[in-house]
Every structure is written in C-alpha cells, then in structure tokens.
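**Student:** I have a structure I would like to understand better, so I am pasting it below and will then ask my questions one at a time.
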Amino acid sequence: MGESMLLNTPSITRVDGAPGGRHYRVEGFEGLFPSVTTVLDVINKPALVPWARNMALESVETALMKRTGAQEEITPEWVSRVIAEARRRPEQVRSEAADFGTQAHVAIDQIVQGMEPQIPPEMELVVNNFAEWRRDAHLDIKLTETMVFSAKYRYAGAMDAIAYREGSLVALDWKTSNGIYPEYALQVAAYAKALEEMTGEPVTEAWTVRFGKSAPEFEARQVLDLEKSFIAFRAALYLWRAIKGELLHPPA
C-alpha cells in the first residue's frame, strides 16, 4: 500500500442502544460487530469503584456545606435529594470527561488535516501538548479518525490515527485521561491488528499518547509486545461474548 495510504474501508455504521453496548454494522457482513471499547468494558477496573465512591461522597459533602448555618430543617425529602444527586454524580463526571475527550479528538483531527480550528480556552493545553508531542515523535501522520474492523474476529472501532515511520505502519491512540492504564495496550493492539488484516501490511509500532488537560505535559507509551497484547484483547473478546450469552444455544 505504501506511504500514500488510501484505506479501502467498507461502510461502517455506529449502532447505539444495542444490547451489550456500542456496536457497528459493517457493509457486507451479517450481524453487529462490538466496538473495541465495549469489549474492554468486561475488564475489571479496581480503581473505578473507590473513585465513584469518592465522587458521591464529595457530592454529599458539598450539599452539607451549603446547608451549614441554614435555618431550614434537614428533612427526609432533602436527604433523598442529596442521595439521588450523589448517585448521579459519578456518571455526570464521566460524561463530562467523555465530552471533553471528544472535543479534543476533533480539534487534533482538524489540526492534522491542516485546518486552523477555533480552540476554546479549556482546550488550549491539550492542543499545545499535542503540538509538543508531534514535534518530538518524528511520525508522518496519514489518516485520523479511521474506522477499522476485523472480519476474522468480528470487532470494529474508531482508530485515532495511522502514521508511518520510515515506511512502516504505526497505530496511534489519543487519550485525555489522568493516566495511561494497562487496558489501553489491548485497545490500540486491537486497532493495529485490524489495520494489518485490512491492509496486509504489518504494523510495527502501536502507541498510546496522553495529552494533559491541566498541565503542560504529554505521555507517550509504546506497546511492548503487540502479539501478546492482542492475545489479551481476544481473551477479553471471548469473555465478553460468553457473558453476553453468545456461546449458548438460544432458548427453545
């Protein structure tokens, strides 16, 4: 395929609301393909439970502090409202982070395409951190926000960027999270192996790159072993299918 790179991708349509999470419909194939991120939701994330608890407790603390010195009586109705808000708070924070990440991806995509988008103040650090990383990376970024899929393993996903280094394919995944977590290696490995299947070219490198949103920093981590990481992803894929009941005959 070479460095000119035109990826011949069939029509891939996102399907939200399907049982089990986000899926894709791939032209020419029956049934739905689960997204890479949907599959990886099956992996236990130990830090998530204490984080959600802390978010809920902070919500309760804020409500109590606002109530301090108030003359109104604390009623069961007020307590119920505070608890309900505390339950919603972790999902609200996750949703806000996801929205921020989406906006950051769009801005980076436009910059790579040579556009000059209007960057809101809250996004400036991320964009500056991307520019710093790009100067140091010495990569020729060819495509951004590219849909990839595996016909062999029946999964699909949106790959943040495809690049070349000295004629060899490189898979890239952007993050605006607070850290780089182990499952990110499985995610970018799944994209890399789908890209290999689609192009017939080996992907020699896969990277997760995190751009700080509150400090002038970036963190770039290469997948040490693509083959082992992809084996781990396939294990998650098989587990996901088992839990969703795909390995059982339908009820009589």
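Under this note's numbering, the sequence shown has 1414 at position 46, and the numbering climbs by one with no breaks. Glycine included, C-beta positions come from ideal geometry on N, C-alpha and C.
1. Count the other CB atoms within 10 Å of the CB of Ser-1403; is the residue buried (16 or more) or exposed (fewer)?
2. Label Lys-1543 either buried or exposed according to how many other C-beta atoms from any shown protein chain fall within 10 Å of its C-beta, with 16 as the threshold for buried.
3. Taking the C-alpha atoms as reference points, what is the distance between Tyr-1552 and Trp-1446?
4. In the DSSP assignment, find the alpha helix (DSSP H) that holds Thr-1576 and state where it starts and stops.
5. Is it right to say Val-1417 is buried, meaning 16 or more other beta carbons lie within 10 angstroms of its own, or is it exposed?
6. If you draw a straight line from the alpha carbon of His-1627 to that of Ala-1531, how long is it in whole angstroms?
7. From Ile-1451 to Ala-1424, what does the alpha carbon distance come to, in whole angstroms?
8. Which two residues bound the contiguous alpha helix (DSSP H) that contains Lys-1561?
9. Cα separation between Arg-1390 and Met-1491?
10. With the cut-off set at 8 Å, would you say Ala-1574 and Ala-1539 are in Cβ contact?
11. Taking the alpha helix (DSSP H) that Lys-1510 belongs to, which residues open and close that run?
12. Under 8 Å Cβ to Cβ from Leu-1615, same chain only, skipping five residues before and after it: list those, please.
13. Pick out the complete beta strand (DSSP E) segments inside the segment 1374 to 1427, 3 residues or longer, and give them in chain order.
14. Excluding the 5 residues flanking Ile-1548 on each side, which residues of the same chain have their C-beta closer than 8 Å to its C-beta?
15. With 16 as the cutoff for other CB atoms within 10 Å, does Ile-1442 come out buried or exposed?
16. Hey, Leu-1605 and Leu-1563: beta-carbon distance below 8 Å or not?
17. For Arg-1449 and Glu-1459, what's the separation of their Cα atoms in angstroms?
18. With burial defined as no fewer than 16 other Cβ atoms inside 10 Å of the residue's Cβ, what is the status of Ser-1427: buried or exposed?
19. Met-1433: buried (16+ other C-beta within 10 angstroms of its C-beta) or exposed?
20. For Asp-1477 versus Thr-1512, is the C-beta distance shorter than 8 Å?
21. In angstroms, rounded to a whole number, what distance separates the CA positions of Glu-1595 and Thr-1430?
22. What is the DSSP secondary structure of Val-1480, reduced to helix, strand or coil?
23. For Leu-1493, count the other beta carbons within 10 Å of its own beta carbon; 16 or more makes it buried, fewer makes it exposed. Which is it?
**Tutor:** The relevant details are as follows:
1. By the neighbour-count definition (other C-beta atoms within 10 Å, threshold 16), Ser-1403 is a buried residue.
2. Buried, because 16 or more other Cβ atoms sit within 10 Å of the Cβ of Lys-1543.
3. Cα-Cα distance, rounded: 41 Å.
4. Taken as a continuous stretch (DSSP letters only), Thr-1576 belongs to no alpha helix (DSSP H), being part of the beta strand (DSSP E) at 1571 to 1579.
5. Exposure of Val-1417 is indicated by the presence of fewer than 16 other C-beta atoms within 10 angstroms of its C-beta.
6. Outside the displayed span of the chain (1369 to 1620) sits residue 1627, for which this structure offers no information.
7. So the two alpha carbons sit approximately 8 Å from each other.
8. Run containing Lys-1561: 1551 to 1567, per the alpha helix (DSSP H) assignment.
9. Rounded to whole angstroms, Arg-1390 to Met-1491 spans 27 Å at the Cα level.
10. The Cβ atoms of Ala-1574 and Ala-1539 lie closer than 8 Å to each other.
11. Taken as a continuous stretch (DSSP letters only), Lys-1510 belongs to no alpha helix (DSSP H), being part of the beta strand (DSSP E) at 1508 to 1518.
12. Contacts found: Arg-1609.
13. Scanning the segment 1374 to 1427 from its first residue to its last, the whole beta strand (DSSP E) runs of 3-plus residues come out as 1380 to 1383, 1391 to 1394.
14. When the five nearest sequence neighbours on each side are left out, the beta carbons in the same chain lying within less than 8 Å of the beta carbon of Ile-1548 are those of Thr-1576, Arg-1578, Glu-1587, Arg-1589, in order along the chain.
15. With fewer than 16 other Cβ atoms inside 10 Å of its own Cβ, Ile-1442 counts as exposed.
16. Contact: no.
17. Those two C-alpha atoms are separated by around 16 Å.
18. Burial is judged here by how many other beta carbons sit within 10 angstroms of a residue's own beta carbon; Ser-1427 has at least 16 and is buried.
19. Met-1433 comes out exposed.
20. Closer than 8 Å, so yes.
21. Going by the C-alpha atoms only, they are around 47 Å apart.
22. Helix at Val-1480.
23. By the neighbour-count rule (16 or more Cβ atoms within 10 Å), Leu-1493 is buried.
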